[in-house]
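Residue numbers (this note's numbering): 99 to 622.
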C-alpha cells in the first residue's frame, strides 16, 4: 500500500527555490524577475479558473433558465395553467435549483411525447378517413399529418376525437348504404344469373378483395357508381321481367289456341307464374336468366310456326262461316276472290294472323247483325215466293183441260187448288207490306236491299207488272169462252165424277161452287 504524499505548499516551494538559487549563485535581479514571473503565472491560473467558474455559473443559469422556459412552454402546450417559477418554487444554489428542475422537465417532456402520440393516432385516422370518403386514397396512402406541438391541450384533443367520431359515423352510414345496395345487387344477380364478382368489380375493386389490406371504398364517386349499377340492373330486371311476362302471355294464348296438353304447359310454369308479378317482388334464383328467356323465345317461335298453319285453317273456316251467313240471307259475296286474297296475305307472312282472325270475327259479327236486320223481310219474301210458286202451279192447273177427270190424285189437286187460291188472294197485301218494309230498311241502311245480286224492289215491281198482265190476259180469255163450251165441260165432268161412283153429287156441287163459278149449276 503506497504511503500518501505530504502536502506541498507554495511557500515551501518558494523557500526551496530560494535555496536552489543561492546554491546556483543566481543574482538578485534575476531572482526578482523569476519570482515576478511566477506570481504573474499564478495570477493567470487563478484568472483562468475564475473565468471557468464564471462560465460554469453562466451555463448553470442558462440551463436553469432554459429548463424553466421549456417547462413553461410544455405546460402551455399541454394547456395546464400551472407555472414554474425558480424564485417561488426553487431555493439553494444553482446546482441545487437545476437538480430540482431536471426531473420536472423530464416528466413534462414524457407527458408531452405521450400527448403528441395521442394526437398523431387521432390525426392519422382523421386523414385516412378523409382520404377514404373523398376517394383520394385510391391514388395512394395519405401523407402523415404534422402534430402542432404548440397546442396539445386536452380540449384540442377532444375536438380531434369528436371530428374523428363524426367521420367514423359518416363512414359507417356509407358502409350501411353500400351493404344494402350490394345485397340488392346480389339479389338481382341471382335472379338474372349474373356473376356477382364481375358486377362488383366494375364498381370498385375493393368490393371483391377478400382479406383485403385496404378498406372498402366509401367515396362519394363509388357510391354514385354503386347507385348507378343498382339502377341499371333494376332496369334490366324490369325489361327481362316484362319480356318474360309478354312471352308468358303469348304462350298461354298459343296454348289455348292450339289446345296444348297440360304436361307440355307445365314445363313453363316458372314463366307463366311471373305474368302478374310486380318488379319489386322477390323472385326465385335464375328466373330472369338470359338463357331461360332465349329458351322461351325458341318455344314461342316454334308455337308460332304451328300457329301459322292452324291459323290459316281457322281463317278459312271463318271465311266459310261468313259465306254461309251471306248465303243464308241471299247476300252476294265473291268467295273465290276473297279466298284468293286471304291465301296470298297469309302466305306472304306480312299479316298478323291474330289480327286477321279478329277482323274476320268482326266481319262475322257485322254479317250476323246485317242478316238479323234482313230476317223479317226475308220471311216475307219466303211467303211471297211460296205464294208465287203456288200461283204458278194454279195457273198450270187451271189450264189443264183434264183437271176434273176422276183420276188418281184429282181430289188432292182440288184441295191444293183451294188452298192456293186463298194464298194467291193474299199476294197483293203481302206485296204491299213487303214493299213498305224494304223501303223502310233501305232508308235506314242507306243502301238498296239486294237479293241474290238483284234489287228486291225491282223484282217486286217486275213481278207485279207480270201479274197484272197475266190477270188481264185471264180476264180476256174468260170473256171469250162460249157458253156451250161451258155446258160441254159440265156434262163431261159430271160423267167422269158420277160414272165412277167416287163422289156424291152434293160434294161435287160444293167443289164446283168453290173452285169454278162456271160450274155452279151442276145438277145433283
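In this text, a Cβ means the ideal position worked out from N, Cα and C, and glycines have one as well.
Coarse secondary structure for residue i, derived from DSSP in three states
{"i": "residue 601", "result": "Reliability of the predicted coordinates at residue 601 is poor, the pLDDT of 42 falling under 50, and the value obtained from them is presented with this limitation in mind. Here residue 601 sits in coil by DSSP."}
{"i": "residue 327", "result": "helix"}
{"i": "residue 551", "result": "coil"}
{"i": "residue 667", "result": "What the structure shows of the chain is the stretch from 99 to 622, and residue 667 is not part of that stretch, so it cannot be assessed."}
{"i": "residue 383", "result": "coil"}
{"i": "residue 366", "result": "coil"}
{"i": "residue 105", "result": "coil"}
{"i": "residue 372", "result": "coil"}
{"i": "residue 249", "result": "coil"}
{"i": "residue 314", "result": "coil"}
{"i": "residue 356", "result": "helix"}
{"i": "residue 378", "result": "coil"}
{"i": "residue 431", "result": "coil"}
{"i": "residue 588", "result": "Annotation note: pLDDT 44 at residue 588 (below 50); position unreliable, no value reported."}
{"i": "residue 498", "result": "coil"}
{"i": "residue 444", "result": "helix"}
{"i": "residue 306", "result": "coil"}
{"i": "residue 450", "result": "coil"}
{"i": "residue 569", "result": "helix"}
{"i": "residue 239", "result": "coil"}
{"i": "residue 320", "result": "helix"}
Residue i: first and last residue of the uninterrupted alpha helix (DSSP H) it sits in
{"i": "residue 394", "result": "388-426"}
{"i": "residue 653", "result": "Here the chain comprises residues numbered 99 to 622, so residue 653 is not present and cannot be evaluated."}
{"i": "residue 287", "result": "252-290"}
{"i": "residue 114", "result": "108-122"}
{"i": "residue 165", "result": "126-176"}
{"i": "residue 525", "result": "525-543"}
{"i": "residue 301", "result": "294-301"}
Proximal residues to residue i (C-beta, below 8 angstroms), its chain only, five neighbours per side dropped
{"i": "residue 485", "result": "521, 522, 524, 525 and 528"}
{"i": "residue 192", "result": "155, 158, 159 and 162"}
{"i": "residue 255", "result": "213, 216, 217 and 220"}
{"i": "residue 200", "result": "165"}
{"i": "residue 676", "result": "The requested residue 676 does not occur in the structure, where the chain is confined to residues 99 to 622."}
{"i": "residue 206", "result": "168, 169, 172, 173 and 176"}
{"i": "residue 593", "result": "Residue placement at residue 593 is flagged as unreliable, the pLDDT there being 39, under the threshold of 50; a coordinate-derived value is accordingly withheld."}
Beta-carbon proximity list for residue i, same chain, < 7 angstroms, skipping 5 on both sides
{"i": "residue 562", "result": "529"}
{"i": "residue 391", "result": "338, 341 and 342"}
{"i": "residue 466", "result": "423"}
{"i": "residue 435", "result": "none"}
{"i": "residue 331", "result": "283 and 286"}
Own chain, CB closer than 6 angstroms to residue i, minus 5 neighbours either side, in chain order
{"i": "residue 518", "result": "488 and 492"}
{"i": "residue 315", "result": "302 and 304"}
{"i": "residue 383", "result": "288"}
{"i": "residue 471", "result": "none"}
Contact belief for residue i with residue j at Cβ below 8 angstroms, rounded distance in angstroms
{"i": "residue 369", "j": "residue 386", "result": "Wrong, their Cβ atoms sit about 10 angstroms apart, outside the cutoff."}
{"i": "residue 134", "j": "residue 168", "result": "Not confirmed; about 50 angstroms, so no contact."}
{"i": "residue 455", "j": "residue 413", "result": "6 angstroms"}
{"i": "residue 328", "j": "residue 279", "result": "5 angstroms"}
{"i": "residue 547", "j": "residue 439", "result": "Not really, about 26 angstroms apart at Cβ, beyond 8 angstroms."}
{"i": "residue 398", "j": "residue 349", "result": "6 angstroms"}
Test: residue i CB closer than 8 angstroms to a CB of chain D
{"i": "residue 233", "result": "Although the question refers to chain D, the structure presented lacks it and comprises just one protein chain."}
Residue i: CB within 7 angstroms of a non-hydrogen atom of the ligand SAH
{"i": "residue 420", "result": "Ligands are entirely absent from the displayed structure, and the ligand SAH is therefore not among its contents."}
- [ ] Tell me, please, whether the region 263-270 touches the region 226-241 by the rule of three or more beta-carbon pairs shorter than 8 angstroms.
- [x] yes
Q: Report yes or no: do the region 172-179 and the region 139-158 share at least 3 C-beta pairs separated by less than 8 angstroms?
A: no
task = Check whether the region 343-361 touches the region 400-413, counting contact only when three or more Cβ pairs, one atom from each stretch, lie closer than 8 angstroms.
result = yes
Taking contact to mean at least 3 C-beta pairs separated by less than 8 angstroms, is the region 211-229 in contact with the region 151-159? no
**Prompt:** Just checking, does the region 256-264 make contact with the region 275-290 on the three C-beta pairs under 8 angstroms criterion?
**Reply:** no
message = Quick test of the definition: if touching needs 3 or more C-beta pairs under 8 angstroms, does the region 360-377 touch the region 319-328?
response = no
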